[in-house]
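Participant:
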Amino acid sequence: AQSVAQPEDQVNVAEGNPLTVKCTYSVSGNPYLFWYVQYPNRGLQFLLKYITGDNLVKGSYGFEAEFNKSQTSFHLKKPSALVSDSALYFCAVRPYSGAGSYQLTFGKGTKLSVIP
Amino acid sequence: GAGVSQTPSNKVTEKGKYVELRCDPISGHTALYWYRQSLGQGPEFLIYFQGTGAADDSGLPNDRFFAVRPEGSVSTLKIQRTERGDSAVYLCASSLGEAGNTGELFFGEGSRLTVL
Chain A
292 AQSVAQPEDQ
302 VNVAEGNPLT
312 VKCTYSVSGN
322 PYLFWYVQYP
332 NRGLQFLLKY
342 ITGDNLVKGS
352 YGFEAEFNKS
362 QTSFHLKKPS
372 ALVSDSALYF
382 CAVRPYSGAG
392 SYQLTFGKGT
402 KLSVIP
Chain B
-15 GAGVSQTPSN
-5 KVTEKGKYVE
5 LRCDPISGHT
15 ALYWYRQSLG
25 QGPEFLIYFQ
35 GTGAADDSGL
45 PNDRFFAVRP
55 EGSVSTLKIQ
65 RTERGDSAVY
75 LCASSLGEAG
85 NTGELFFGEG
95 SRLTVL
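Each protein sequence line maps, in turn, to chains A and B.
Heads up: take any position in the first sequence, counting from 1, add 291, and you land on the working numbering.
Take the second sequence: its letter number 39 is residue 23 in the working numbering, and every next letter is one higher.
This is how it looks when you write it as structure tokens:
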């Protein structure tokens, strides 16, 4: 069975500073990896995904994530944080094929607070 | 509509009652998913439909939970004999394409169920 760990419940960063939200995963075979964001009273929104190819993927709102197979990590990054980036961020994984390949498994989420 | 629509947005019921939650996916999306999100947790997979059929219902916690999608569009999640532990936000998502596609999921805002 697949799993996702987001080791930080909360990340605080000053506006304009770079941010990183950490994610590690466990899955059989090759992974499909995703980041979603949840704003207050809003549905989950897709940010970016890794399927194959370049380990650095770029997504919405200036976010990017780096896939590291040896460390089984998929950390979310942004060079310069905005106050409007404050939200709850979820990392998710599903296997490329086989059992559970339709199921996205989510981490518990990391609350990002960007301080003006 | 433009996005995934879920009704009701809030439902309060008493222990032992029957509840139905409705999801109207994005037009043309053949894949539909139900997830459950408890407080402080990430979404947990319940069931996946491809068209009218439930392709994977392995996430349903027990036989009190059932979901249908009779015409391949709107879906209803049905919970019998509700228990306090069923209290959560029930999320619906849809996506383009067939099983195993790599596309992102589009989530509704959820139905918050409270069982007293």
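Note that the Cβ used here is the ideal one computed from N, Cα and C, for glycine as well.
State the DSSP-derived secondary structure class of Ser375(A), mapped to helix, strand or coil.
Facilitator: Helix at Ser375(A).
Participant: Skipping 5 residues on each side, what residues in its chain have a beta carbon closer than 8 Å to that of Pro370(A)?
Facilitator: So the qualifying residues of the chain are Pro309, Gly353.
Participant: Return the residues of the region 42 to 71 of chain B that lie within a Cβ-Cβ distance of less than 8 Å from chain A, sorted by chain order.
Facilitator: Of all residues in the region 42 to 71 of chain B, Ser42, Gly43 have a Cβ within less than 8 Å of some Cβ in chain A.
Participant: Pull up the distance between the alpha-carbon of Leu347(A) and that of Arg20(B), whole angstroms please.
Facilitator: Between Leu347(A) and Arg20(B), the C-alpha separation is close to 30 Å.
Participant: With a cut-off of 7 Å, does the C-beta of Tyr74(B) fall near any C-beta of chain A?
Facilitator: Judged by the 7 Å Cβ criterion, Tyr74(B) is not in contact with chain A.
Participant: If you run the structure through DSSP and keep just helix, strand and coil, what is Gly353(A)?
Facilitator: Residue state, collapsed to three classes: helix.
Participant: Quickly, what does DSSP pair Ile63(B) with across the bridge? List them, please.
Facilitator: For Ile63(B), which the question treats as bridged, DSSP gives the partners Val3(B), Phe49(B).
Participant: Would you mind stating whether Phe337(A) and Glu88(B) have Cβ atoms separated by less than 7 Å?
Facilitator: Result yes, Cβ atoms of Phe337(A) and Glu88(B) sit closer than 7 Å.
Participant: Could you give the DSSP three-state label for Arg68(B): helix, strand or coil?
Facilitator: Three-state result, Arg68(B): helix.
Participant: What are the residues of the region -5 to 26 of chain B that lie near chain D, defined by any Cβ-Cβ distance shorter than 9 Å?
Facilitator: The chain inventory of the structure shown lacks chain D, comprising the protein chains A and B.
Participant: Quick one: using the 10 Å Cβ neighbour count with 16 as the cut-off for buried, is Ser(-7)(B) buried or exposed?
Facilitator: Exposed.
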